[in-house]
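Student: Here it is, the structure, as structure tokens.
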Amino acid sequence: MCLTSDGGACIVGYSDQGSSQVYMARLGPNGDSLWTQLHGTAQSENAYAVALNSDEGFLVSGSRLQTGNQYDMLLMRTNAAGNLMWQRTYGSPWSDNPGFVSVHPDGGYVMAGGQRAIDNGPLFPTLLRLADDGDTLWTRLYENIDDRVFFAAPIVTWDGGYTVAGTANGPNSVVVGMLAHVDSAGTPVWRRTYQAHGAFPQYFYDVRRTLDGGYIMAGTAVDSMVVSQDAWLVKVDSFGCLVPGCQVFDGLEEQVTDLRDAVVVFPNPASGQATVRITLPEGPKSKNLRLALVTAEGKLVQEDAVASMAPTHVLDVTRCAPGLYFVHLLDGTRWLSGTKVVVE
Numbered sequence: 005m006c007l008t009s010d011g012g013a014c015i016v017g018y019s020d021q022g023s024s025q026v027y028m029a030r031l032g033p034n035g036d037s038l039w040t041q042l043h044g045t046a047q048s049e050n051a052y053a054v055a056l057n058s059d060e061g062f063l064v065s066g067s068r069l070q071t072g073n074q075y076d077m078l079l080m081r082t083n084a085a086g087n088l089m090w091q092r093t094y095g096s097p098w099s100d101n102p103g104f105v106s107v108h109p110d111g112g113y114v115m116a117g118g119q120r121a122i123d124n125g126p127l128f129p130t131l132l133r134l135a136d137d138g139d140t141l142w143t144r145l146y147e148n149i150d151d152r153v154f155f156a157a158p159i160v161t162w163d164g165g166y167t168v169a170g171t172a173n174g175p176n177s178v179v180v181g182m183l184a185h186v187d188s189a190g191t192p193v194w195r196r197t198y199q200a201h202g203a204f205p206q207y208f209y210d211v212r213r214t215l216d217g218g219y220i221m222a223g224t225a226v227d228s229m230v231v232s233q234d235a236w237l238v239k240v241d242s243f244g245c246l247v248p249g250c251q252v253f254d255g256l257e258e259q260v261t262d263l264r265d266a267v268v269v270f271p272n273p274a275s276g277q278a279t280v281r282i283t284l285p286e287g288p289k290s291k292n293l294r295l296a297l298v299t300a301e302g303k304l305v306q307e308d309a310v311a312s313m314a315p316t317h318v319l320d321v322t323r324c325a326p327g328l329y330f331v332h333l334l335d336g337t338r339w340l341s342g343t344k345v346v347v348e
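Position one of the sequence shown corresponds to residue 5 (this note's numbering), numbered consecutively onward.
This is the structure we're talking about:
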């Protein structure tokens with residue numbers, strides 16, 4: 005779905021009439037249907053994303069089943085009435101994942117998805133920079149064996165780069181959420197993964213920029229009581245950190261999202277010393293825990309080893325200048341929990 009300048013919206017999907025076709029519906033401010041359109045061929049097409057173009061027309065992206073029985077990324081451009089202007093497909097010679105398009109503020113488009121490097125090989129995240137007519141300016145394939153696909157429209161950031169959400173393979177090959185940032189040429193800058201529950205898959209389906217410069221991702225995950233699959237919202241800062249400052253830790257690969265209450269600092273505000281109470285489930289207790297203190301500006305102040313069975317740890321803040329700091333609890337390459345503390 006995308007919003008339109010009159011307060012309405014355009015939604016896309018597919019309609020199955022023997023073979024699925026791209027379905028578009030233009031809605032008014034009250035949700036009334038203004039028009040609908042079907043676009044497609046004798047093959048099968050599905051729409052996964054839509055973006056409002058600068059001419060008030062629409063960019064629709066998704067997938068098309070080709071005659072060789074392989075899926076390609078699909079991009080359609082329509083006018084404001086939903087009439088098709090052109091369509092293009094992108095991808096490898098083999099079956100690929102759907103594409104998700106955004107309009108680039110400098111002209112043209114950027115599309116995220118997933119494609120293969122070899123026949124019957126794994127899917128990898130891919131990013132395409134496209135011209136106004138859909139011609140490919142460049143393609144980047146991120147062949148990290150732990151990654152799966154990008155599965156959301158990319159965000160063009162203030163530095164000219166792109167932030168994209170998707171999925172990756174976590175510990176024991178469990179699917180986890182993934183957020184990545186690349187520069188204007190598509191070169192990786194940072195990559196984070198997020199896990200709510202270690203035994204069940206979790207997925208990101210969308211990412212949006214927030215007013216504080218960070219991001220919020222939406223998807224699905226199994227709850228901590230292993231009762232049901234629930235909606236999953238993850239809010240991070242501009243570096244993809246659940247608690248600001250995670251970018252200072254080399255080799256950090258994964259952040260756990262359901263242990264936010266595992267670290268409590270008291271007294272808070274603190275002066276001289278602060279006690280950190282740590283409450284963790286059994287799994288992480290057998291690992292090598294460490295506790296770190298980071299300034300609000302992102303500078304690592306201290307990092308201490310923590311006994312795995314110790315319920316508390318004392319932080320010496322006598323040498324810290326007054327101000328806001330962030331406490332991080334880590335376990336190997338995983339970020340487990342964190343909170344803030346004010347030093348007087």
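All C-beta atoms in this analysis are idealised placements derived from N, C-alpha and C, irrespective of residue type, glycine included.
Cα separation between C250 and P102?
Tutor: Those two C-alpha atoms are separated by around 31 angstroms.
Student: Which whole runs of the beta strand (DSSP E) in the segment 90-134 are 3 residues long or more, in chain order?
Tutor: Counting only runs of 3 or more, we get 104-107, 113-120, 127-134.
Student: Measure from the alpha carbon of G35 to the alpha carbon of each residue in D308, Q21, A13, then state which is nearest.
Tutor: With distances taken between Cα atoms, G35 lies closest to A13.
Student: Roughly how many whole angstroms lie between the Cα atoms of I282 and L319?
Tutor: The alpha-carbon atoms of I282 and L319 are separated by roughly 13 angstroms.
Student: In whole angstroms, what separates the C-alpha of M28 from that of L42?
Tutor: Taking the straight line from one Cα to the other gives about 6 angstroms.
Student: Could you have a look at N83 and say whether DSSP puts it in helix, strand or coil?
Tutor: It is coil, neither helix nor strand.
Student: Kindly give me the distance between the Cβ atoms of R144 and L131, rounded to whole angstroms, as I take these residues to be in contact under 8 angstroms.
Tutor: So it is a contact: roughly 5 angstroms between Cβ atoms.
Student: Is the separation between the beta-carbon of V331 and that of V267 shorter than 8 angstroms?
Tutor: Result yes, Cβ atoms of V331 and V267 sit closer than 8 angstroms.
Student: So what does DSSP say about N272, is it helix, strand or coil?
Tutor: It is a strand residue.
Student: Which term fits E49, buried or exposed, when burial requires 16 or more other beta carbons within 10 angstroms of its beta carbon?
Tutor: Label assigned to E49: buried.
Student: Can you find the residues in the same chain that come closer than 6 angstroms, C-beta to C-beta, to P192, ignoring five residues on each side of it along the sequence?
Tutor: Same-chain partners within the cutoff: V186.
Student: Helix or strand or just coil, what does DSSP make of P192?
Tutor: In this structure, P192 counts as strand in the three-state DSSP scheme.
Student: Need the endpoints of the beta strand (DSSP E) that L256 sits in, please.
Tutor: Looking at the DSSP string, L256 is not in any beta strand (DSSP E), and its letter there is neither H nor E.
Student: With distance defined between alpha-carbon atoms, name the residue in S19, G170, V346 nearest to S275.
Tutor: Selected option, being the one with the closest Cα: V346.
Student: Counting only the same chain and skipping the five closest in sequence on each side, list residues whose C-beta sits under 6 angstroms from that of P44.
Tutor: Sequence inspection shows Gly at residue 44; the Pro mentioned does not correspond to that position. Here the set comprises Q25, V26.
Student: Starting from the C-beta of A121, find all residues in its chain whose C-beta is less than 8 angstroms away, skip the five residues before and the five after it, and write them out in chain order.
Tutor: Only S96, F128, L145, E147 meet the Cβ criterion.
Student: Under 8 angstroms between the Cβ atoms of G117 and D136?
Tutor: For G117 and D136, no; Cβs fall outside 8 angstroms.
Student: Grab me the residues of L7's own chain with a C-beta within less than 6 angstroms of its C-beta, minus the 5 sequence neighbours each way, in chain order.
Tutor: Contacts found: A13.
Student: Let me confirm a value: D234 is counted as buried when at least 16 other C-beta atoms fall within 10 Å, else exposed. Which label applies?
Tutor: Result: exposed.
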